[in-house]
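Visitor: Take a look at this one; I'll ask things after.
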Amino acid sequence: MDIESNGVTNTHSVEFPKPDSRILNAWANDIDTTEDGAYGVSLAAVEVEEKLIAVRRAETLTGADWYVAPIGTDPDDLESCFRLEVSGVDRGGRSVVNARLQQKIIQTRRGASNLPAIASVVGFKEKTVAIQKVSDEK
């Protein structure tokens, strides 16, 4: 899987077990599968590339899904956290991933939070993750 983080691309080997019929039936909803899969893959990619781990879910309207922080950070101390906005796309090429990343960057800027943000998009067809730290500049 290629992980592009802030303009630098690294390739990582990722292995998943082949799902049996029970697993396929449990994840028969494509929207939920893409969304939940993107959470897992994105959180793993952010840990590998940015050395940040999930400490808690973000509140509604913060422009993000998760709070991530350096390993060992007190989860109640949000001052050292980043907001992480995650999305996944199950179809389309790199241009689709990049377009979604731009949407997520805009979303984080509009969020009701003063914490710094990171946007991440998982492209399942492309086997890629795009991660971008978000500045306040438009």
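Counted the way numbering that gives the first Met the number 0 counts, the sequence shown spans residues 0 to 137. No residue lacks a Cβ here, since even glycine has one placed at the ideal position from N, Cα and C. This one's a predicted model, so the numbers in the text were calculated from it and none came from an experiment.
Given a cut-off of 8 Å, decide if residue 96 and residue 125 are closer than it, judged by their beta-carbon atoms.
Guide: Yes, the Cβ-Cβ distance between residue 125 and residue 96 is below 8 Å.
Visitor: If we count the other Cβ atoms within 10 Å of its Cβ and call it buried at 16 or more, is residue 83 buried or exposed?
Guide: Classification for residue 83: buried.
Visitor: Rounded to the nearest angstrom, what separates residue 110 and residue 63 at their Cα positions?
Guide: Roughly 7 Å separates the two Cα atoms.
Visitor: Would you tell me roughly how many angstroms separate the C-alpha atoms of residue 73 and residue 114, rounded to the nearest one?
Guide: C-alpha separation (whole angstroms): 16 Å.
Visitor: Just checking my contact of residue 20 with residue 119 at CB under 8 Å: how many whole Å lie between their CB atoms?
Guide: Wrong, their Cβ atoms sit about 31 Å apart, outside the cutoff.
Visitor: Along the chain, where does the beta strand (DSSP E) containing residue 119 start, and where does it finish?
Guide: Here the beta strand (DSSP E) through residue 119 covers 116-122.
Visitor: What does a CB cutoff of less than 7 Å around residue 1 pick up in its chain, not counting 5 residues either side in sequence?
Guide: Answer for residue 1: 8, 10, 126, 127, listed in chain order.
Visitor: In its own chain, which residues sit with a C-beta less than 7 Å from the C-beta of residue 106, not counting the 5 before and 5 after it?
Guide: For residue 106, where only same-chain residues beyond five positions count, the Cβ hits under 7 Å are 62, 84.
Visitor: I think residue 45 touches residue 68, with their Cβ atoms under 8 Å apart; what is that distance to the nearest whole Å?
Guide: Not a contact, Cβ separation roughly 11 Å.
Visitor: Can you say whether residue 23 is buried or exposed, counting buried as having 16 or more other CB atoms within 10 angstroms of its CB?
Guide: Residue 23 is exposed by the Cβ-count criterion.
Visitor: Can you name the start and end residues of the beta strand (DSSP E) that residue 51 belongs to?
Guide: 51-56 is the extent of the beta strand (DSSP E) around residue 51.
Visitor: Taking the straight line between their C-alpha atoms, what separation do you get for residue 16 and residue 87?
Guide: If I take the Cα positions, the gap works out to 20 Å.
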